[in-house]
Structures are given as structure tokens and as C-alpha cells.
Amino acid sequence: MLKLTNPPRPRISLQGLMIGLLVIAVIAVSWPKFRSALTVLPAGNEVVQPSSSQTPLALASAAEHVTREYYPRGPLDTSGFGLAVSRIAPWKPDASLDQIADSWRGLSDHNIAKIDQALAEKNLPFQKRCSLLSTKASFLNYEGQPIKAYQALEEARALIEGNETLLQANLYSVIFFQGVTALRRGENENCILCRGESSCILPIAPTAVHTNPTGSRLAVQHFTEYLHQFPDDLEVRWLLNLAHMTLGEYPEKVDPQYLVSLDHFRNSEFDIGRFRDIGHAVGVNELDQAGGAIMEDFDNDGLLDIVVTCFDPTEPMAFHRNSGAGTFEEMSASAGITGQLGGLNCMQTDYNNDGFMDIFIVRGAWIATPVRPTLLRNNRDGTFKDVTREAGLLHPVNSIAASWADYDNDGWLDLFVCCERQQSRLYHNQKDGTFREIAESAGIRGTSRCKGSAWIDFDNDGDRDLFLNYLTDERRPDLYRNNGDGTFSELGTSLGIYGPIGGFSCWAWDYDNDGWEDIFATCYDRSLGDVVQGLLGEPHTRKSNCLYRNLQGRGFEDVTKQAGLDVVLATMGSNFGDFDNDGFLDMYLGTGDPLFSTLIPNRMFKNVGGKRFADITASSGTGNLQKGHGVACGDWDRDGNIDIFIEMGGAVNGDKYHNILFQNPGSKNHWLTVKLIGEKTNRAAIGARIKVVTAGEDPLTVHRTVSSGSSFGANPLQQTIGL
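Dropping the structure here:
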């Protein structure tokens, strides 16, 4: 078993001001010898002086025949995300989306100009100059200019190498930063500008080898240089191996002492066929960054359309209408939604029971100042109208998730909105196009820092209960039982719900087809080293996702380990579907975080008869290394096979990627597509239960619940059921 060190990484700030995925205050590192060399601070990436409390590794410098003590790399804001969100000026509570966008436009250019002005000072202290150059590199990476960022780091490195005082504590942080920046250059120049079907999919295919090798060559140089001093850094070893893969040199040219084997990852137990990325061929492959996705029939023509939103507050949402001819048409302008800017997540609803699906968008995740959500009413003529204000939903919050259900069974869909910095909100549908906020009176309290919500009828009493997942180190999830009188009671621990700690997206499903809804809750532990350990088939010590099996309403059993899901995945967007039509629900998980160094495959897991899950990422060809956000699974081409759309890209402009539509290769199994229309219930039939029993010698019973699936990504409400 490998015993390798994983240096500390920036963690989410869960106390005080939540302004990003990175800690934008002095990072308190528990291990003194791993203290940051370029710590992320409000002022930038600060170069540090070595202190007597630090315990560096003593390493011999062969060139100078002296012993010099160097410090390993510290936490770095390689993408500039933490720096950027810390410099955003707050807006007024009633600010329009355009006004909020104005706060973001030119942010990096403005800060880079200020840095250049400071660097022009002749008597600038040496340490300050190095810190400013590192901060400049972060902002340049933020804007997608890795070549200029690398030049700034070269200048910073030259200064540090000429100063014995700062050399020991800072050199290898700069070297690592150089490697990551060079690797991103290679991604930009090849995976994005020269993208093909197999680009960035692990294992790297010969057709995906970089034709412009400069970035990866530099990355190999710097990661090798780093590992010569710190050979046990598994994260850097992984990045070195990736760089060699992109050059077509893996494993032959990887130094054997740094080789990371892909044998375990390649060895998929099952093969349901290889999925092809056809996004470029059908018109849904726009270059994007973190955001949400919906696959749904918005014009009632029987074809699934695709809606996409983007975290960037300056970017409009996109509406792709299914033409029925094997392509999609971009209809945002004619649909009247180009003014809808930003939005990290979105989901469909039919809030007014008119039979046409509406759209709800949440905003404000990961930043300090709250942002208004949007409710778009479907006008039934191919256009949408913003009715947020008149519906009573304009209250600004910091949100990444929301979910719809008719919790009081009055035939009208109600809304729960997860909030990060405020108490989460429950809106009761007043049946006249308006909503009333009732969370406190309904008994749903103390629900800030919520990252995911899922409605579930865990006790099969006909009332929708509510599961909440929190991104915090201080609390477990909540499970609120619906009391049937308009109130809820929190019963999580009494029902066996104890994790995950640090949760993210979640959903309710009946993964074992026993007629009782189960829970899957993802964990956002972002240790790259532990993710790599999982790819190697090695054990880990970190938190993982949780799969809870419903014990017929009496409680839940944590079956994560037995089901083969006790692995660190760094899950963000996610969703599920029966990809091989065997009657059991499989899943697809988007992975990543804002750091440029977090290059790990998105993952697909096959449900093996409701007993366990097998990783089939490699055999299915779905392990793209770029950041995966909103996931929507549906049969867009009506061939009976569930395809996968993923809204791709990281949190910053410099970490964009093309959206993906994975075409299902199909199976020989039969299937059934069901679209329910409510009469006494809500028109969209959200929450309705479906039971299918097959005939024959080996009958199968399949259970489904009508929902959009995960809290981060929206499946169609029509159900494609494998038989």
C-alpha cells in the first residue's frame, strides 16, 4: 500500500464571511512544516519569511555542495478565484442583475493594473515585489492568460532565487505554481482550442495527445523539479503523470519512482459500451464555466430541450431547443431570456399548473453578497417572462440549490430554497401565482449553509419529507419528517442519518427497487491526494459520500462501504439514470474545485442489481478531467437510452470548458417511457410514484418517483424505465 504525503490544501471558510472556495484570510495550517509559502491573503499571494516554529525538510543541494533546508509548497490560489471574489464590491439588496454584472466586469484587469502600478515603484521592498508578482499570476490565470501568468512567476522565481532569506521558504511553492500554470496552458491550447471527441478523457487516447506540447513540456519540467526535493507528494506525482499522458509519453517516459499506475482505474468490472461526446455535432458544446443544466420538454412537442446557466454574473443563460432532426437550436434571444445573467444552478417546475414547464434559477453561491433568484414563467409560445417579483420570490439570498414538491398535497408545487449565509426558505404556493415564506412556522429552522435539498417520502405515508445536506465541518444532514399538518419535525440522527459532514449535492431514489426511497448524499472533501488514492484502489482516511438504504420507514442504514462507494470523489454536479436499461438506477458524478491543480475524472457508477456500485468510468469513456457541474440525464433522441449532458468548466474565466453531451451506445434491454400528467395532484406529477412489474420467468419490479433527480442538475420529469 502506498504511504504518501498529501500537503494541506485550502479549505472552505465556514466561519464568518463565506466568500469563496478558498480561505481568503490567513490560513491556519495544522502542520507547521507545511506552512504556506505563498499564502492566500486579501492582499494577494504573500511571500513569507521562514520562522523558527517551522520544521523544514533538510535536503542537500548538489550544485552548491551545502545543505539547504527547503519548505514544501503551501496552499495557493492558482486560479485566482479566491482573490477575485474577495475584491468584489458589495451591491445593494435590490440591485438588478445588470448592476451586479457591472461589479464583476473588468475585475481582474483593474487589479492587474493596480499591481503593475505598484511594481513600477523603484524602492518597492523585495518581499512585496515577489508577492505582487504571484498575485498578478493568479489574476492572469483567472482571466485565462497562463502564458502571461507564467512570465510573472518566472520573474518572481528569479527574485526569490537571488535572495537567500526567502529562497528556502518560497522556492518550491513558486515551482509548483509554474507547473500548474504551464499545464493549464496546455489544456487551453489543446483541449479547448483544438478539441475533439476524446479530449481530456482519462485514459488519454492517442487522438487526444497534445499537438501543441509546450505547456505540458514545461509542466513536466517543473513537477519533476519539485519531486526531486519532495518525492512523496502524491498530488504532484499525479499531475506529472497527467502531463506525460497528454504528451503520449505515459508510462514509458515517467520516472519509475514517480509513476502512478492507471491499472486499477482501467480495470472496469462491467462494460455497458462507450459513450461518445456528440455535443459539438448537435450544437450544445458552448464554452462554459460552472453552472446548472436542465433537460426537459419546454414546448410540449415530445422532445427534450436543454437549458444552461452560468456562475459568471456577466453571462446570460442559454436555451437549446430540440429540433427533432438530431440537433439543437440556440433560442435564447427569441425566448426572451438573454437578460437572465448568472446562476450557478437551475431547475424546472410547473408552479401555475398550466401544463408548461417553467424555470427557476438560484444565484449567490460562494460569494458574500446575496443575489436575487429568478422565476421564469413559460408563456406557452416559446417565450418566458420574469415573474419573480410578482410571485413574491425576489428576496436575495446566497443559494446553490432549490427543490420543488407539493408538500401539503393541495395540488400546487411549493418551493424550498437552500441558503448558505441565511436561513433556508420554504415557500408555500398560494395558488394565485404567488408564494408565502413559511419556513419558521413550519418548523424548519437553523438551516443556513445548506448546499443540497431533496424531497422524499421516506415513510410511504403520502407526504413529502425533506432531506438537507450541509457544507460545514460542524453538522450532519437534516431529515425533516412531514407531520401532515403543515409542520415538519427533524429526525435525522434518530433515523440513522449521521453524514456526510461537508456535504454537497444529494437526491432521493429507490436504488434497490424495494419500494422505499433511499438517499444518496455527496461529500465535498476535495483532497486531490485521496482522490488519486481511490483511482489507485488504495484506502483513504477522508470523508466520503453516503448511501443510505431505507429500512422500510423505520430508519436508514449507511451502506456506503458495502456498496463500493466509500471513495473520495470531490463531487459537485451529479445525477442518476438507468444507463444500461437493466431496471436499476446508475449515477454520474461531476467532480472538481476551483484550483487548477484539481484535474480528476468525472465518474460513472453502475448499479449492480441494487446491491453495490461498480466504477465503469474507464470502459464508458466518460471520465473527462475538466470540472463537472450541472448534470442532466435523459433520452434526448427518443431511442430509449438515457444520455448525459454535463455543464462543464470551473469557477473562473480561465477554467472554461466545452459542455458535453454523452451519447448512450444503447443496450439490448427493453424500455418504457412514461410522462405523467396530474389531475388531482400537481400538473407536473412531481412526487408521483411509478411501479412497473415485468412478466416472464424472471420478473422484475421497478420503482420510480417523478422528480428532476439531483439537487445539482435537473433530469426530465418523464421517466425512461429499463426493463
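Residue numbers for the sequence shown follow this note's numbering, so the first one is 128 and each next one is one higher. Glycine included, C-beta positions come from ideal geometry on N, C-alpha and C.
Length of the line joining the Cα atoms of ILE486 and ARG810: Residue mapping note: residue 486 aligns to position 359 of the sequence shown, counting from 1. Residue mapping note: residue 810 aligns to position 683 of the sequence shown, counting from 1. A straight-line Cα-Cα distance of about 15 angstroms links ILE486 and ARG810.
Option in PHE683, CYS633, GLY656, LEU655 with minimal Cα separation from ASN672: Walking along the sequence shown from the start, residue 672 turns up at place 545. Nearest C-alpha to ASN672: CYS633.
Distance CB(SER654)-CB(ARG669) smaller than 7 angstroms: Your numbering for residue 654 matches position 527 in the sequence shown. Your numbering for residue 669 matches position 542 in the sequence shown. Yes, Cβ-Cβ distance for SER654 and ARG669 is below 7 angstroms.
THR649 (DSSP reduced to helix, strand or coil): Looking up residue 649 in the sequence shown gives position 522. Assignment of THR649 by DSSP, reduced to helix, strand and coil, places it in the strand class.
Selection from GLU352, LEU369, GLU324 that minimises the alpha carbon distance to SER343: Counting from 1 along the sequence shown, the entry for residue 343 is found at position 216. Checking every option, the nearest Cα to that of SER343 belongs to LEU369.
DSSP bridge partner residues for TYR269 (one or two, in chain order): On the sequence shown, position 142 is the one that residue 269 refers to. In DSSP, TYR269 forms no bridge with anything.
Alpha carbon of LEU678 to alpha carbon of ILE405, nearest angstrom: What you label residue 678 is simply residue 551 of the sequence shown in a count that begins at 1. What you label residue 405 is simply residue 278 of the sequence shown in a count that begins at 1. Each residue's alpha carbon lies about 41 angstroms from the other.
Reduced DSSP category for MET484 - H, G, I as helix; E, B as strand; rest coil: In the sequence shown, the residue the question calls residue 484 occupies position 357. Coil.
Local Cβ density within 10 Å of GLU314, reported as buried at 16 or more and exposed below that: Taking the sequence shown and counting its residues from 1, one reaches residue 314 at position 187. Buried, by the Cβ-count rule.
C-beta contact flag for GLY661 and VAL686 at 7 angstroms: Numbered from 1 along the sequence shown, position 534 holds the residue referred to as residue 661. Numbered from 1 along the sequence shown, position 559 holds the residue referred to as residue 686. Contact: no.
Collapsed DSSP secondary structure at ARG312 in the structure displayed: Numbered from 1 along the sequence shown, position 185 holds the residue referred to as residue 312. In this structure, ARG312 counts as helix in the three-state DSSP scheme.
Where the alpha helix (DSSP H) containing MET699 begins and where it ends: Position 572 of the sequence shown, counted from the first residue, corresponds to residue 699. Run containing MET699: none in the alpha helix (DSSP H); it sits in the beta strand (DSSP E), 698-704.
Spatial distance of ASP927 from ASN587 (CA atoms): Residue 927 lies beyond the range of the chain shown here (128 to 850); nothing can be said about it.
Per-residue burial, GLU601 [other beta carbons within 10 Å of its own, 16 or more giving buried]: Position 474 of the sequence shown, counted from the first residue, corresponds to residue 601. Answer is exposed; the Cβ neighbour count stays below 16.
GLY469 and ARG490 closer than 7 angstroms at C-beta: Taking the sequence shown and counting its residues from 1, one reaches residue 469 at position 342. Taking the sequence shown and counting its residues from 1, one reaches residue 490 at position 363. Their beta carbons are under 7 angstroms apart, which means GLY469 touches ARG490 by this criterion.
Rounded separation between GLN254 and SER265 - CA only: In the sequence shown, residue 254 corresponds to position 127, counting from 1. In the sequence shown, residue 265 corresponds to position 138, counting from 1. Using only the alpha carbons, I get a separation of about 17 angstroms.
Environment of VAL820 [buried if 16+ CB atoms lie within 10 Å]: Walking along the sequence shown from the start, residue 820 turns up at place 693. Answer is exposed; the Cβ neighbour count stays below 16.
Straight-line Cα distance separating ASP229 from ILE804: Taking the first residue of the sequence shown as position 1, residue 804 is located at position 677. Taking the first residue of the sequence shown as position 1, residue 229 is located at position 102. Spanning the two alpha carbons is a distance of roughly 43 angstroms.
Complete runs of the beta strand (DSSP E) confined to the segment 498-584 [at least 3 residues]: 501-505, 511-513, 529-532, 541-544, 552-556, 562-564, 577-583
Cβ-Cβ distance between ASN596 and GLY579 below 7 angstroms: By one-based count along the sequence shown, residue 596 stands at place 469. By one-based count along the sequence shown, residue 579 stands at place 452. Contact: yes.
Euclidean distance between Cα positions of LEU203 and LYS818: Here the question's residue 203 lines up with position 76 in the sequence shown. Here the question's residue 818 lines up with position 691 in the sequence shown. Those two C-alpha atoms are separated by around 51 angstroms.
Neighbourhood of PHE683 by C-beta distance below 7 angstroms, restricted to the same chain and skipping five residues each side: Within the sequence shown, residue 683 is the residue found at index 556, counting from 1. So the list reads LEU622, GLY623, ILE624, ILE646, TYR675, ARG676, ASN677, once near-sequence residues are dropped.
PHE772 to LYS263 span [Cα, whole Å]: As a working note, residue 772 is residue 645 in the sequence shown. As a working note, residue 263 is residue 136 in the sequence shown. Computed Cα separation, rounded: 35 angstroms.
CB contact flag (GLU423, GLN475, <7 angstroms): Here residue 423 is taken as the residue at index 296 of the sequence shown, counted from 1. Here residue 475 is taken as the residue at index 348 of the sequence shown, counted from 1. Cβ atoms of GLU423 and GLN475: closer than 7 angstroms.
Other residues of its chain near LEU345: CB distance less than 7 angstroms, five sequence neighbours each side excluded: If you number the sequence shown from 1, residue 345 lands on position 218. Taken in chain order, the residues that qualify are ALA309.
Counted within 10 angstroms of its Cβ, other Cβ atoms place GLN384 as buried (16 or more) or exposed: Counting from 1 along the sequence shown, the entry for residue 384 is found at position 257. Exposed.
Range of the contiguous beta strand (DSSP E) that encloses ILE817: Here residue 817 is taken as the residue at index 690 of the sequence shown, counted from 1. Counting along the chain, ILE817 sits inside the beta strand (DSSP E) bounded by residues 816-820.
Short Cβ contact (7 angstroms threshold) for GLY99 with PRO728: The question about residue 99 has no answer here: the residues shown for the chain are numbered 128 through 850.
Residue burial classification, GLY736 (beta-carbon count within 10 angstroms, cutoff 16): In the sequence shown, residue 736 corresponds to position 609, counting from 1. That one is exposed.
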